[in-house]
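If you read the sequences in order, they're chains A and B. Those letters in the first sequence? Residues 30 to 592, by this note's numbering. Those letters in the second sequence? Residues 176 to 687, by this note's numbering.
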Amino acid sequence: MPKIEVPEKLFFSLAGRNYTDDEMNDIFPVAKAELDGHEEGTIKIELNDTNRPDLWSVAGVARALKTYESGKIPHYDFFSSATKTQDNGGREHFNEESCLGVRDFSISFAAEGCTVTEELLLNLIQSQEKLCQNFGRKRKTVAIGIFRSDLIKYPLHYIGADPDKTSFVPLGMTEELTLREICQKHPKGREYGHIVSDKPRYPYLFDDKGDTLSFAPVINSAYIGAVEVGDRNLIVDISGPGIDDILLAASILACDMADMGFRILPIKVHLAKDTKYGREITVPYYFQEQTSCPASFVEKELGLRLTEEECIAALRRMGVEASVKDGIITVRCPEYRNDFLHAVDIVEDIMIGHGLMKFEPVLPADYTKGYLSKAEEYSRKVKTLMVGLGFQEMMYNYLGSRKEYVENMHISDEKVVYIANPMSENYEVVRPSILPSLLESESVSGHAVYPHRIFELGKVCFKDDDDNSGTVTRNHLGFLAADNQIGFNEASSYINTLMYFLRKEYTLQPVENDERFIPGRAARVMCDNVEIGVYGEVHPQVLESWGCSMPAVMAEFDLDLMH
Amino acid sequence: MDIEVKNLHPLEVRLLRHVSSGEDITADRLVSELDYKIGQCNQAFSWLTAKGCISEKTRDRYTLYELTETGHAQVKDGLPVERIFSYLQKNGPASLPDIAAALCLPQSDVGSAFGLLTSGKAACMNEEKKASLISDSLPAEIQIQRSLMQRSQDAPLRESDLTAEEKIAVSKLAKKRGAASSTFRLVEKEDVTYVLTAAGEEVKKALLEANITGEEFGLLTPQMIQSGSWKNGTFRPYGLNAPVSRLIPGRTNAYADYLQWVKDKLVSLGFEEFDGPLVVNEFWNGDALFMPQFHSARDIHDVYYIKDPVHCKEIEEPWLSRVAATHENGGDTGSRGWGYTFDHEFTRRQIMRSQGTVLSATQLPHAKVPGKYFGIARCFRYDQVDATHGADFYQTEGIVVGKDVNLRNLLGLLKMFAEEVAGAEEVKYVPGYFPFTEPSIEVHIKHPVLGWFELGGSGIFRPEVTKSLGLDVPVLAWGLGIDRMALMHLGLNDLRELFTPDIESVRMRRGN
Numbered sequence: 030m031p032k033i034e035v036p037e038k039l040f041f042s043l044a045g046r047n048y049t050d051d052e053m054n055d056i057f058p059v060a061k062a063e064l065d066g067h068e069e070g071t072i073k074i075e076l077n078d079t080n081r082p083d084l085w086s087v088a089g090v091a092r093a094l095k096t097y098e099s100g101k102i103p104h105y106d107f108f109s110s111a112t113k114t115q116d117n118g119g120r121e122h123f124n125e126e127s128c129l130g131v132r133d134f135s136i137s138f139a140a141e142g143c144t145v146t147e148e149l150l151l152n153l154i155q156s157q158e159k160l161c162q163n164f165g166r167k168r169k170t171v172a173i174g175i176f177r178s179d180l181i182k183y184p185l186h187y188i189g190a191d192p193d194k195t196s197f198v199p200l201g202m203t204e205e206l207t208l209r210e211i212c213q214k215h216p217k218g219r220e221y222g223h224i225v226s227d228k229p230r231y232p233y234l235f236d237d238k239g240d241t242l243s244f245a246p247v248i249n250s251a252y253i254g255a256v257e258v259g260d261r262n263l264i265v266d267i268s269g270p271g272i273d274d275i276l277l278a279a280s281i282l283a284c285d286m287a288d289m290g291f292r293i294l295p296i297k298v299h300l301a302k303d304t305k306y307g308r309e310i311t312v313p314y315y316f317q318e319q320t321s322c323p324a325s326f327v328e329k330e331l332g333l334r335l336t337e338e339e340c341i342a343a344l345r346r347m348g349v350e351a352s353v354k355d356g357i358i359t360v361r362c363p364e365y366r367n368d369f370l371h372a373v374d375i376v377e378d379i380m381i382g383h384g385l386m387k388f389e390p391v392l393p394a395d396y397t398k399g400y401l402s403k404a405e406e407y408s409r410k411v412k413t414l415m416v417g418l419g420f421q422e423m424m425y426n427y428l429g430s431r432k433e434y435v436e437n438m439h440i441s442d443e444k445v446v447y448i449a450n451p452m453s454e455n456y457e458v459v460r461p462s463i464l465p466s467l468l469e470s471e472s473v474s475g476h477a478v479y480p481h482r483i484f485e486l487g488k489v490c491f492k493d494d495d496d497n498s499g500t501v502t503r504n505h506l507g508f509l510a511a512d513n514q515i516g517f518n519e520a521s522s523y524i525n526t527l528m529y530f531l532r533k534e535y536t537l538q539p540v541e542n543d544e545r546f547i548p549g550r551a552a553r554v555m556c557d558n559v560e561i562g563v564y565g566e567v568h569p570q571v572l573e574s575w576g577c578s579m580p581a582v583m584a585e586f587d588l589d590l591m592h
Numbered sequence: 176m177d178i179e180v181k182n183l184h185p186l187e188v189r190l191l192r193h194v195s196s197g198e199d200i201t202a203d204r205l206v207s208e209l210d211y212k213i214g215q216c217n218q219a220f221s222w223l224t225a226k227g228c229i230s231e232k233t234r235d236r237y238t239l240y241e242l243t244e245t246g247h248a249q250v251k252d253g254l255p256v257e258r259i260f261s262y263l264q265k266n267g268p269a270s271l272p273d274i275a276a277a278l279c280l281p282q283s284d285v286g287s288a289f290g291l292l293t294s295g296k297a298a299c300m301n302e303e304k305k306a307s308l309i310s311d312s313l314p315a316e317i318q319i320q321r322s323l324m325q326r327s328q329d330a331p332l333r334e335s336d337l338t339a340e341e342k343i344a345v346s347k348l349a350k351k352r353g354a355a356s357s358t359f360r361l362v363e364k365e366d367v368t369y370v371l372t373a374a375g376e377e378v379k380k381a382l383l384e385a386n387i388t389g390e391e392f393g394l395l396t397p398q399m400i401q402s403g404s405w406k407n408g409t410f411r412p413y414g415l416n417a418p419v420s421r422l423i424p425g426r427t428n429a430y431a432d433y434l435q436w437v438k439d440k441l442v443s444l445g446f447e448e449f450d451g452p453l454v455v456n457e458f459w460n461g462d463a464l465f466m467p468q469f470h471s472a473r474d475i476h477d478v479y480y481i482k483d484p485v486h487c488k489e490i491e492e493p494w495l496s497r498v499a500a501t502h503e504n505g506g507d508t509g510s511r512g513w514g515y516t517f518d519h520e521f522t523r524r525q526i527m528r529s530q531g532t533v534l535s536a537t538q539l540p541h542a543k544v545p546g547k548y549f550g551i552a553r554c555f556r557y558d559q560v561d562a563t564h565g566a567d568f569y570q571t572e573g574i575v576v577g578k579d580v581n582l583r584n585l586l587g588l589l590k591m592f593a594e595e596v597a598g599a600e601e602v603k604y605v606p607g608y609f610p611f612t613e614p615s616i617e618v619h620i621k622h623p624v625l626g627w628f629e630l631g632g633s634g635i636f637r638p639e640v641t642k643s644l645g646l647d648v649p650v651l652a653w654g655l656g657i658d659r660m661a662l663m664h665l666g667l668n669d670l671r672e673l674f675t676p677d678i679e680s681v682r683m684r685r686g687n
């Protein structure tokens, strides 16, 4: 979930009014935002909708609130579209074929007429970062560069360049490096270089004088790419492998900058390959499709009949222009959004625009029967018996270390499921048995009054080639009793009692080669020729591994084989 | 004085009834007159003193000399010095080694005993280096010691009863606490004399009035029942507030009790429980829920991957093809899809279940219409373990399937959960975001103790989810964050405590 920090003054001025914290708490949900903190003139906001990158900036949240409160849709007159092309003022940007297969698209627009202040610069960088990190999947699909347009001679050129023969001074350094060297030596190169480093050519943007703008998506040049306080004229470049994502990112930034006082100047981009919007696109470009939704569907989803006017007014508060004809609501997606995948997305905007608290809760009318699962019912039955036998029920984590689940148990890890990307070796193995969990209790509970009688009803997981997943999850019972005088006979009594009340006819077979138990003092519990459990005296080598000094017996049963 | 006479112990009762005002009460007296053991005397004295029924009158400290085992033998056989004296009388002069051999005494004892004889002018060493007597009688001090030994055979000697000479003589044969080889043991004793207080007087009167004798029955025995002897007496009432000994009962786990209560609640509301394996694949955990494969929550830093097998063998058709198409272009769900190429290898990748919603997804192809389902599912997240994050934890969630279910039903359901499960005073709904529901709603509740907090998330499954899995009716999906309520219920504030291995802390834990 993206979080942003915005200066209170700028935020309130963009929103068109001041808000108290309570008011923000009340209104923020319309933008699926939460007030995360407010101190010393800085407001922290958490944005929950990962499909609304337009909201991840001070201007975006302010716009959503202002539109919601006023019901007035903001208009941006600098967009081109399939039917209308804006004057590009001679500004052009060429993508050359050499970029294909490297990073297919680079587009740009210019902005002027507003002095860059420190506050504005910080917010611009924050928007750029959020778009690249979250929406742009860490620059993989969207990377953004902002440049000082006064230093640039049009047209711009975007090519796939030889990584060893192309060099420039990257931002934050003083010496000239080749593109390949940047990937190895520059901090940003080490962080983002992998996006392109396996390609034969690297993406490279420069102006008509041959001056470098950037090695997209890695780093700007130290000269043209070092925007400073006091600059007034900027160029924004967006690169990526897919056209829709970068067009949307360009639109979001253009709208944000327009809201902050810039005049947006379109640039005509000549792409290296054809797209569904043609090969020449004047950016910013409105590319979104109309979406529609039957009014009857709105009613069915929301459970409330809204008039056509109510639907249109609700959508307007969400910044969405809509019209109704023959019972079909048709919406025009705002320039800065692209989240109407399905009619239900329209329904949700109507819901929020109309006001969620206006919907009266009603219980579903359908009658259904409730059931516990069979496994739960059986495990409750076993639980009652174990409690009656004097055992304390325990509950454990299912992830643990190799030391706990394998080494201390003196078992082979052949059937053990390992985590491929453990955060720490403490949580590296999925437990194959309840017994190590019980022994862990023993090892940390020497201070607890004896006798110890503990059990758990829980899940275990181990490898099983027969299953589609190669693993299997089972419901098990495990129990352990420790005291200064305890042995196989006590364990047998517990087993016998348990089996009697569970109506299980059983026989015992010797356990062989199981180092968890003292040889000759352990048994496999057989029921209809199936092994349903095992029990016995814990081998002192196991107790020693766990640091336990009290003799113990333990047992484990597969409940899924029993009910 | 506020003493419940019924609660007095028999030792106290018998003592009080036995003594009269002004009389001395001593342990000796109780031993001889009431047949108390010394320990019982001390118990009765300490209890009654604490209750103010008796008070200490005098405390007499004195020293006793009593014979040790060795001493008793020496009374019969004689002290070494006496034996040497009579040996020399009988056999004439002899060398010290000869004496030691003849009397079976250690050389050193013979040496020191001979010293006593020479210093007492009863013997000397003659020119042949042999001990020979020079007197007919033992030295005076030895004679005193002999008489003290005789006197102490019946009762220990009181130091205060001895003459100055006797004191010196006995001290030479005694050691504190009595070393085994010495004749006497020196014992310091204290005799305490108590008297009845005014309060004791009253308690005694009350005892007499209530006819409590201290001979009342204690433990009822099978013999008493069989013989009927219980009919011939009364039962001693026991002190109700006596300290109790600890029992360790067999018990359910308090957290499990809470989860069980939630399960029962949901079953009573018409929900059927579902469950599933801990290892799942990306298909059911994410793809089937229309989470794009590039979604940030599906990152290597958010879920745990399985080392082996890395992939499951197959994903069941037709769901795989339908879901893949839905991601790519919407398939037949009425959506435009995410517009990317679905990765058929990634979808088989195996992970630890990261969200309970995977159970809802796998239920959808088999769901009854109408149907309500729930599960309390153990889930795993790639998170630093701390007070608010566990390596694995429970999620509670479910679905409501019905031809006509809608947003208002979802709100109704949430309101019911808020009131029935969480005991909420007020309920507030706000728009939320989940990749698999649209609309999405968060429910916030005002809890009598916790104040406002987010109870859970919910929504109507996107048609991209339901239609791909063959269900053409709306499905309400919900999840409740009950951990916070469980912690409050158990009086805890650290999630790790819910799965603690500490036996004592689990034994003592109880819900509200």
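Ideal Cβ positions, reconstructed from N, Cα and C, are used throughout, including at glycine.
Could you tell me whether the Cβ atoms of residue i and residue j are closer together than 8 Å?
{"i": "A/A581", "j": "A/L572", "result": "yes"}
{"i": "A/M452", "j": "B/Q570", "result": "no"}
{"i": "B/G573", "j": "B/K547", "result": "yes"}
{"i": "B/I475", "j": "A/V446", "result": "no"}
{"i": "A/R132", "j": "A/P232", "result": "yes"}
{"i": "A/D509", "j": "A/E471", "result": "One point to set straight first is that residue 509 of chain A is Leu, not Asp, in the sequence displayed. Contact flag set, yes."}
{"i": "A/S196", "j": "A/L206", "result": "yes"}
{"i": "B/K543", "j": "A/L401", "result": "no"}
{"i": "A/T500", "j": "B/V650", "result": "no"}
{"i": "A/L468", "j": "A/E485", "result": "no"}
{"i": "B/S529", "j": "B/N460", "result": "yes"}
Does residue i pass the burial test, meaning 16 or more other C-beta atoms within 10 Å, or should it be called exposed?
{"i": "A/V478", "result": "exposed"}
{"i": "A/K38", "result": "exposed"}
{"i": "A/G507", "result": "buried"}
{"i": "A/N558", "result": "exposed"}
{"i": "A/V35", "result": "buried"}
{"i": "A/Y396", "result": "exposed"}
{"i": "A/R532", "result": "exposed"}
{"i": "B/F410", "result": "exposed"}
{"i": "B/D567", "result": "buried"}
Kindly list, in the order they appear in chain B, the residues whose Cβ is closer than 7 Å to that of residue i.
{"i": "A/H476", "result": "E679"}
{"i": "A/F388", "result": "L582, R583, L586"}
Just to make sure I have the definition right: I need the residues of chain A whose C-beta is within less than 7 Å of the C-beta of residue i. Which are they?
{"i": "B/V442", "result": "G399, Y400, L401"}
{"i": "B/V618", "result": "None at all; the shortest Cβ gap to chain A is about 10 Å."}
{"i": "B/V739", "result": "The requested residue 739 of chain B is not part of the displayed model; chain B covers only 176 to 687."}
Closer than 8 Å by beta-carbon distance: list the chain A residues that pair up with residue i, in chain order.
{"i": "B/C487", "result": "N497, S498, G499"}
Which residues in chain B sit within 9 Å of residue i, going by Cβ to Cβ distance?
{"i": "A/Y456", "result": "Y479, F555, V560, A566, D567"}
{"i": "A/I463", "result": "In chain order: nothing, as chain B lies at least about 12 Å away."}
Check your understanding: For the segment 572-602 of chain B, which residues have a beta carbon sitting closer than 9 Å to at least one beta carbon of chain A?
Key -> Residues V575, V576, G577, K578, D579, V580, N581, L582, R583, N584, L585, L586, G587, L588, L589, K590, M591, V602.
Check your understanding: Between the segment 409-437 of chain A and chain B, which residues of the former have a C-beta closer than 8 Å to a C-beta of the latter?
Key -> So the list reads R409, K412, M415, V416, G417, L418, G419, F420, Q421, E422, M423, M424, Y425, N426, Y427, L428, given in the order they occur along the chain.
Point to revise | Interface residues of the segment 44-72 of chain A facing chain B [CB-CB below 8 Å] | key: Result list: P58, V59, K61.
Point to revise | Completely contained beta strand (DSSP E) runs for the segment 530-600 of chain B, where each covers 3 or more residues | key: Counting whole runs of 3 or more residues, the segment 530-600 of chain B contains the beta strand (DSSP E) stretches 546-555, 567-576.
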